[in-house]
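Number of protein chains: 2
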Amino acid sequence: MSSRCNLRFLIPGLALLLGGVPSVLAVWPQPQQIRNSAERYSLSARAFLFKHADVSAVRSGCDVLDQAFTRYFTLIFPESGGGGTGDTGAALINTLLHCCVYMHSWNLILNISGLESLSQLVEQDDYGAYYINKTEIEDFPRFQFRGLLLDTSRHYLPLQAILKTLDAMAYSKLNVFHWHIVDDPSFPYQSRKYPDLSKKGAYHPFTHIYTQTDVRRVIEHARLRGIRVLAEFDSPGHTQSWGNGQPSLLTPCYRGDVPSGTYGPVNPILDSTYVFMANLLKEVTSVFPDSYIHLGGDEVDFSCWKSNPDIKAFMKKMGFGSDFTKLESFYMQNIVNISTMLNRSSVVWQDVFDYHEINRPRYVVEVWKWGCYLCEVRRVTKAGLKVILASPWYLDLPGPTHDWARYYNVRPLAFKGTEEQKKLVIGGEVCMWGEYVDATNLSPRLWPRACAAAERLWSDEVQTSSVDQAFPRLTDFRCRLLRRGIQAEPLYVGHCKNEYQGI
Amino acid sequence: MSSRCNLRFLIPGLALLLGGVPSVLAVWPQPQQIRNSAERYSLSARAFLFKHADVSAVRSGCDVLDQAFTRYFTLIFPESGGGGTGDTGAALINTLLHCCVYMHSWNLILNISGLESLSQLVEQDDYGAYYINKTEIEDFPRFQFRGLLLDTSRHYLPLQAILKTLDAMAYSKLNVFHWHIVDDPSFPYQSRKYPDLSKKGAYHPFTHIYTQTDVRRVIEHARLRGIRVLAEFDSPGHTQSWGNGQPSLLTPCYRGDVPSGTYGPVNPILDSTYVFMANLLKEVTSVFPDSYIHLGGDEVDFSCWKSNPDIKAFMKKMGFGSDFTKLESFYMQNIVNISTMLNRSSVVWQDVFDYHEINRPRYVVEVWKWGCYLCEVRRVTKAGLKVILASPWYLDLPGPTHDWARYYNVRPLAFKGTEEQKKLVIGGEVCMWGEYVDATNLSPRLWPRACAAAERLWSDEVQTSSVDQAFPRLTDFRCRLLRRGIQAEPLYVGHCKNEYQGI
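For the protein sequence lines, the chains are R and L, in the order given.
If you count the first sequence from 1, you need to add 4 to reach the numbering used here.
If you count the second sequence from 1, you need to add 4 to reach the numbering used here.
Below, the structure is given as structure tokens:
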């Protein structure tokens, strides 16, 4: 996964201008190597075009690149309507995208990331003329998994809000959209197999759901931007809304000897539960093509299980004693097995790892709890399992914008461990939970704070250890986000040439 | 200022429906008296009209009311395009706006507030049909001054962002827009007399300024909504941007015996300073009609004054010793005198009061410092001066949305003092400073948290002492704000029938 991408600009036939290196040479996140020069070339939107390198195995017809060319042409020249993928014109920018030769998913991302870097290097002078300084970049991401979680259950997020987030993720080179699509409060995923889940479990059966078409649109929008979509169907806890449309799925809670009328986590002792989960996950894996699926497993409240006589009998039969973590592990083992049969790698929240110390199945552990999160990373990697780190990047709770420095200063590998252990840290993820967040405040709460995590996950840690050096670059990048229509809040006093116009 | 407004709905000829009192009878802020009944009347957008009461001295032609009728017709019936002020139709809602008889500013506000209450009582049933429960309201504001400060210097706010804020203020019955229009970082006010101030002091001389037309538009938009515009030209500190366009206004700082090239607060020892300030304030009072003007006076850094030999000589001559608070008081006294000559009441930040213990001029003191702010309120009222309380309502620093409860629990009169002292507390104000705020995050940071302060300033404190009782009403009011296009963030998990569509 360390395939490198060289990006050089060869610009024959363009006037070389006098000029210096701009004060802020902002590529965010910082490339592994970037060499600027004072040589400045002017760019003409009429003559500019993207061309596949002669050495590239990819030709026109690769939709991801073709569409990226069109998109980035418009991002570079916002005044122009589009175009830029034809093969006429006086000047060429010959993007030597070596990585293009291999079209599997990771390299694809690198290609798009190269276009993003290129687009960030184009500046406008005081007269509005576009130019680029001669630049050589060698780049690759430090971590392969650079995620962002959205929670569409606590508040419904309209499709447009998700698509906009994907746009901004691509600009920041985040490459995994972790879709925490359902949870206790609502079930907006419209299942083909179990339509009652959203019909009875969504906030509204028509206006507050994601249809199959919506989901496809999200996945396609993400794919074209080099972003994977990791769907999470969290169980056995966080499933209150599931119970509305799937009777007998949840555990009936008891008050003394009688059912209290309330329900707890998924009932782990019924065969019907596993039939349902297998059917649901089979559908989910047919809809979401990513090789990972997130199975949740966090924060299971055992009190309802404890109250239920059938569960207690089962515990006894299984020899679990009074240790309900064993019951959860039993359930999760079954769900992970289903996922494995469906040819998916499972991701689970750290609770699952913590509860299950022997014969753990192979899963990726997402570390989310606060405290010594690197201690947990160390434990998980010591057990030979892969880790995604989320703890330090819970951005849903608002803080002052300058909190970005806290997110920036995270050191994901600063734990005692072998090289093998470090390699098991596949990346990290920004979490935007939905208790206090919906479409009204999602964007300014995410951006630019999430960019700090994005650079930490992409760039070399030593080269990007200074908050002071990052500040002007991030300020500049935030203005670029505004110009691209992302409602990113300000870092501090000041202004952008193009202020936010979305009021 | 305690003029009361009775609002009763007489609805002849309308079908009386079976129905109950809706679970949340949300009028926000809570009226002084509200009596609901289960009698429900259906409303037809085709037949509905506003009519002046027979006892009202106001007839058509009062633009504030005529335009408010049109506006509230559309707010009540969003599907209808407009209209509703004609005099035909089968049914009447006869709004008995007694207060209408007197058209001075405070009563005007009450009238509009009555329309706002009415609009909040109209509900739609499951079939979309409009109805209103028979309701009797007697209402008046607890405090006359219910302000909201926007800072357009640290970040420029586009005109549209200000107008939207005024809309939301009217919905919340906030009635003073405190425009902190200039400060250190930029001077966006385009002065007729001193055009260089914005030309050289704004972030950009064309895109980041408020022209005279812009300012008139803000004042008119506010007036039509019963909102006063209190302009602040803060000096002698917070004036760095002024110096760009007005040479010799600021104090040259010294390093040893030589000027350092940097500048400090306004130079208080030059006649030219007072000529300039008199001219500027004369223009300002001709542009802003409100009887109050805010003169600032906060956070003056004395280090530059201390370094300047001319200032030191002046201090000696005046017998100020080394007490620079006396120099600031000397300056503020002169500025307050200018304002008095211009027939304006001055508002100043508490620093001015704190520094000047004898022979204080008559001004209104705005209390902004944290700590025992009620101690300060007590001191100011003991000195016989009016107070505006801002300390507990600094909303610019983000907090979790549930901070609203903190703003709600403020008790502005909970200090030991006489009845006379309490009457001197004319109100309070929400402050939205601009360090971390611009058009990208202004609305969700303000709303609905500012609504908590709005209710505290309008409603009876005893009747509105419970956060738990306020929560469902505020949740409901926040959905109403969304429906009206205000980007108000969520209080907690849940949804609105009409989600925010502004993405």
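We treat Cβ as the ideally placed atom computed from N, Cα and C, and that holds for glycine.
Note that this is a predicted model, so its numbers are computed, not measured.
Practice problem: Please compile the residues from chain R whose C-beta is within a distance smaller than 9 angstroms of the C-beta of D238/L. | Solution: In the second sequence, residue 238/L corresponds to position 234, counting from 1. None at all; the shortest Cβ gap to chain R is about 15 angstroms.
Quiz prompt | Residue range of the unbroken beta strand (DSSP E) whose run includes N413/L | solution = By one-based count along the second sequence, residue 413/L stands at place 409. Here N413/L belongs to no beta strand (DSSP E), and DSSP marks it neither H nor E.
Quiz prompt | Outcome for I362/R when other beta-carbon atoms lying within 10 angstroms are tallied against a minimum of 16 | solution = Residue numbering aside, residue 362/R sits at position 358 when the first sequence is read from its first letter. I362/R is exposed by the Cβ-count criterion.
Quiz item: Is T89/L helix, strand or coil by DSSP?
Solution: On the second sequence, position 85 is the one that residue 89/L refers to. Because the pLDDT of T89/L is 38, which lies under 50, any placement of that residue in the model is unreliable, and the number read from its coordinates should be weighed accordingly. In this structure, T89/L counts as coil in the three-state DSSP scheme.
Quiz item: P452/R CB to nearest chain L CB: under 8 angstroms?
Solution: Counting from 1 along the first sequence, the entry for residue 452/R is found at position 448. Not an interface residue.
Quiz item: Excluding five sequence neighbours on each side, which residues of the same chain lie with their C-beta closer than 6 angstroms to the C-beta of V180/R?
Solution: Along the first sequence, read from residue 1 onward, the residue named residue 180/R stands at position 176. Cβ neighbours of V180/R beyond the five flanking positions: F149, G151, R232, L234.
Quiz item: At least one CB of chain R closer than 8 angstroms to the CB of D261/L: is that the case?
Solution: Taking the first residue of the second sequence as 1, we reach residue 261/L at position 257. So, not an interface residue.
Quiz item: Of all the options V288/L, E303/L, L125/L, R146/L, which has the alpha carbon lying nearest to the alpha carbon of K138/L?
Solution: In the second sequence, residue 138/L corresponds to position 134, counting from 1. For K138/L, the nearest C-alpha among the options comes from L125/L.
Quiz item: Helix, strand or coil: how does DSSP classify Q491/R here?
Solution: Here residue 491/R corresponds to residue number 487 of the first sequence, with the count starting at 1. Looking at Q491/R - three-state DSSP - the assignment turns out to be coil, as it is neither helix nor strand.
Quiz item: Quick one: does T215/R have its CB under 8 angstroms from some CB of chain L?
Solution: The residue given as residue 215/R occupies position 211 in the first sequence. Judged by the 8 angstroms Cβ criterion, T215/R is not in contact with chain L.
Quiz prompt | Interfacial residues, the stretch 168-186 of chain L to chain R, with Cβ spacing under 9 angstroms | solution = K168
Exercise. Identify every residue that forms a DSSP beta bridge with D238/L.
Key: Working through the second sequence from its first residue, we reach residue 238/L at position 234. DSSP, once it has assigned bridges, lists no residue as partnering D238/L.
Exercise. Find out if the Cβ-Cβ distance for the pair Y367/L, V391/L is shorter than 8 angstroms.
Key: Numbered from its first residue, the second sequence carries residue 367/L at position 363. Numbered from its first residue, the second sequence carries residue 391/L at position 387. Their beta carbons are not under 8 angstroms apart, which means Y367/L does not touch V391/L by this criterion.
Exercise. Work out the CA separation of L389/L and E253/L for me, nearest whole Å.
Key: Here residue 253/L is taken as the residue at index 249 of the second sequence, counted from 1. Here residue 389/L is taken as the residue at index 385 of the second sequence, counted from 1. According to the sequence displayed, residue 253/L carries Leu and not Glu. Approximately 31 angstroms between the Cα atoms of the pair.
Exercise. Pair every Cβ in the stretch 188-196 of chain L with every Cβ in the stretch 265-277 of chain L, then say whether three or more of these pairs are closer than 8 angstroms.
Key: no
Quiz item: Can you list the residues of chain L that R488/R reaches, using a CB-CB cut of under 7 angstroms?
Solution: As a working note, residue 488/R is residue 484 in the first sequence. Neighbours of R488/R on chain L: none; closest Cβ ~13 angstroms, over 7 angstroms.
Exercise. Could you tell me the distance, in whole angstroms, from the CA atom of W183/L to the CA atom of D188/R?
Key: In the second sequence, the residue the question calls residue 183/L occupies position 179. In the first sequence, the residue the question calls residue 188/R occupies position 184. Those two C-alpha atoms are separated by around 44 angstroms.
Practice problem: Check W309/L in the structure and name its three-state DSSP category. | Solution: In the second sequence, counting from the first residue as 1, residue 309/L sits at position 305. If DSSP states are grouped into helix, strand and coil, W309/L belongs with the helices.
Quiz item: Where R259/R and F475/L are concerned, what is the direct C-alpha to C-alpha distance, given to the nearest angstrom?
Solution: As a working note, residue 259/R is residue 255 in the first sequence. As a working note, residue 475/L is residue 471 in the second sequence. Roughly 30 angstroms separates the two Cα atoms.
Practice problem: Provide the residue span of the alpha helix (DSSP H) that contains I166/L, from first to last. | Solution: Position 162 of the second sequence, counted from the first residue, corresponds to residue 166/L. Its alpha helix (DSSP H) spans residues 163-176.
Quiz item: Nearest chain L C-beta to N248/R closer than 8 angstroms, yes or no?
Solution: Residue numbering aside, residue 248/R sits at position 244 when the first sequence is read from its first letter. It does not: the Cβ of N248/R has no partner Cβ on chain L nearer than 8 angstroms.
Self-check item: Closest Cα partner of T277/L within the set D302/L, T243/L, Y296/L, S307/L
Solution: Against the second sequence, residue 277/L aligns to sequence position 273. It is T243/L.
Quiz item: In terms of residues, what are the limits of the alpha helix (DSSP H) holding L450/L?
Solution: Sequence index remark: in the second sequence, residue 450/L carries index 446 (1-based). From DSSP, the alpha helix (DSSP H) with L450/L extends over 446-450.
Quiz prompt | With 16 other Cβ atoms within 10 Å as the buried cut-off, status of D67/L | solution = Sequence index remark: in the second sequence, residue 67/L carries index 63 (1-based). With fewer than 16 Cβ atoms within 10 Å of its Cβ, D67/L is classed as exposed.
Exercise. Decide if K426/R is buried, meaning its Cβ has at least 16 other Cβ atoms within 10 Å, or exposed.
Key: Within the first sequence, residue 426/R is the residue found at index 422, counting from 1. Exposed.
Quiz item: Roughly how far, in whole angstroms, is the beta-carbon of F147/R from the beta-carbon of I430/R, given that I think they are within contact range, below 8 angstroms?
Solution: Residue 147/R sits at position 143 when you count from the first residue of the first sequence. Residue 430/R sits at position 426 when you count from the first residue of the first sequence. 6 angstroms between Cβ atoms; contact.
Quiz item: Comparing the C-beta of L401/R with each C-beta of chain L, is any distance below 8 angstroms?
Solution: Within the first sequence, numbered from 1, the residue matching residue 401/R stands at position 397. Output row for L401/R: interface = yes.
Quiz item: Taking C-beta to C-beta, are K316/R and F328/R nearer than 8 angstroms?
Solution: Here the question's residue 316/R lines up with position 312 in the first sequence. Here the question's residue 328/R lines up with position 324 in the first sequence. Not in contact: K316/R and F328/R (Cβ atoms no closer than 8 angstroms).
Quiz item: Would a C-beta distance cut-off of 8 angstroms place L331/R and P272/R closer than the cut-off?
Solution: Here residue 331/R is taken as the residue at index 327 of the first sequence, counted from 1. Here residue 272/R is taken as the residue at index 268 of the first sequence, counted from 1. Contact: yes.
Practice problem: List the residues that DSSP assigns as beta-bridge partners of P263/R. | Solution: Numbered from its first residue, the first sequence carries residue 263/R at position 259. Note: P263/R sits in a beta bridge opposite Y258/R.
Self-check item: Nearest to F334/L (by Cα), restricted to the options P240/L, V262/L, E370/L
Solution: For the purposes of this step, residue 334/L is taken as the residue at position 330 of the second sequence. The option with the nearest alpha carbon to F334/L is P240/L.
Self-check item: Residue from A387/R, I136/R, R220/R with nearest C-alpha to A30/R
Solution: The residue labelled residue 30/R in the question sits at position 26 within the first sequence. The option with the nearest alpha carbon to A30/R is I136/R.
Exercise. Just tell me which of A226/L, Y160/L, T444/L has its CA closest to the CA of H208/L.
Key: Here residue 208/L corresponds to residue number 204 of the second sequence, with the count starting at 1. Residue Y160/L is the option with its Cα nearest to H208/L.
Quiz item: Using a C-beta cutoff of 8 angstroms, does H225/R count as contacting chain L?
Solution: Here residue 225/R refers to the residue found at position 221 of the first sequence. It does not; no Cβ of chain L falls within 8 angstroms.
Quiz item: Can you list the residues of chain R that Q491/L reaches, using a CB-CB cut of under 9 angstroms?
Solution: What you label residue 491/L is simply residue 487 of the second sequence in a count that begins at 1. Those are A443, T444, N445, I507, listed as they occur along chain R.
Practice problem: Please list, in chain order, all residues of the same chain as Q467/R whose beta carbon is under 7 angstroms from its beta carbon, the five residues on each side excluded. | Solution: To locate residue 467/R, count along the first sequence from 1; it is residue 463. These residues qualify, in order along the chain: Q34.
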